[in-house]
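Participant: Attaching a single structure in structure tokens format; questions to follow.
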Amino acid sequence: MKEMSTIVKTIANISFPFILIYGLYVIAHGHLTPGGGFQGGAVVASGLVLILVAYNAEWVSQRIKESHLSIFESIGALCFILIAFLGIWFGGAFFTNFLVGTESLFGGIPINGAADINTGGTLPLMNFAVGLKVIAGLFAIVYIMAHFISKKEEKAA
Amino acid sequence: MNKRTIGAAAFLTVVSMFFIFSMIMIHPFGVPDERAMDQYIIDETVAETGANNGVTAVVFDYRGFDTLGEATVLFTAVAGVILVFRRLKQ
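Going down the list, the sequences are from chains A and B.
Take any residue in the first sequence, note its place counting from 1, add 619, and you have its number in this note's numbering.
Take any residue in the second sequence, note its place counting from 1, add 2, and you have its number in this note's numbering.
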């Protein structure tokens, strides 16, 4: 897998931050606007894949290790299940939204349907957990396949 | 007209009749038979979950188990891909 031309690399460098910010916005506003953890995670992962395609797999593997992606994905999944189990502890049932109506972070209730980032209870936390999981998971799939192809080409050459 | 053409025509007729009648007999869009659950979620979402986005409230709160299964599917897929390609790498 060779790296692509300077044109592709320049355009990837310019558009990568915007893709990243848009994906993180979709994750963070999952309880207010259309989207959520899965969708925003897919957006961020596609931005990372753009960098992987524009540069080669070797260039990316010098900066990100595959084991780190696995760890991030596991952390996301564990946080998601942990929040669900905390519902048993505080609210009495699995997946209880125990933060709503309290004074804590994300504890508010929107008044007359006005959008407020500090609402939603456990929903934003679960969005962040699922977002982390989807970013790491989807990027790990493409990354390890690209790495495998480049190793195979090295052997053939 | 051989036997095969007649058989294909008969099969096509039966299948197209099935689709046409199911299109005629389908219940109208936007008017569900059982609307108690829908109406409950529309009315109570903001007060119970504090989220403006009703879809997220359903996905992560009312139907949390479904999302847990979805996340498990993704996790299993990634684990399988990493397992297979790590073996082949050496």
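Where a beta carbon is used, it is the ideal one built from N, C-alpha and C, also for glycine.
Between the region 737-749 of chain A and chain B, which residues of the former have a C-beta closer than 8 Å to a C-beta of the latter?
Facilitator: 738, 739, 740, 741, 742, 745, 746, 749
Participant: Along chain B, which residues have their Cβ under 7 Å away from the Cβ of residue 729 of chain A?
Facilitator: 48, 52, 54
Participant: With 8 Å set as the bound, which would you pick, yes or no: does the beta-carbon of residue 703 of chain A sit closer than that to a beta-carbon of chain B?
Facilitator: yes
Participant: Would you kindly work out how many angstroms separate the C-alpha atoms of residue 48 of chain B and residue 683 of chain A, rounded to a whole number?
Facilitator: 41 Å
Participant: If you check the beta carbons only, do residue 52 of chain B and residue 727 of chain A fall under 8 Å apart?
Facilitator: yes
Participant: Nearest to residue 652 of chain A by alpha carbon, out of A:716, A:742, A:708?
Facilitator: A:742
Participant: Smallest Cα separation from residue 79 of chain B: which of A:635, A:699, A:692, A:738?
Facilitator: A:692
Participant: Can you find a CB in chain B that lies within less than 8 Å of the CB of residue 687 of chain A?
Facilitator: no
Participant: Would residue 63 of chain B pass as a contact of residue 716 of chain A if the rule is Cβ separation under 8 Å?
Facilitator: yes
Participant: Closer than 7 Å by C-beta to residue 761 of chain A: which residues in its own chain qualify, once you throw out the five before and the five after it? Chain order, please.
Facilitator: 668, 671
Participant: Answer yes or no: does any C-beta atom of chain B fall closer than 8 Å to that of residue 655 of chain A?
Facilitator: yes
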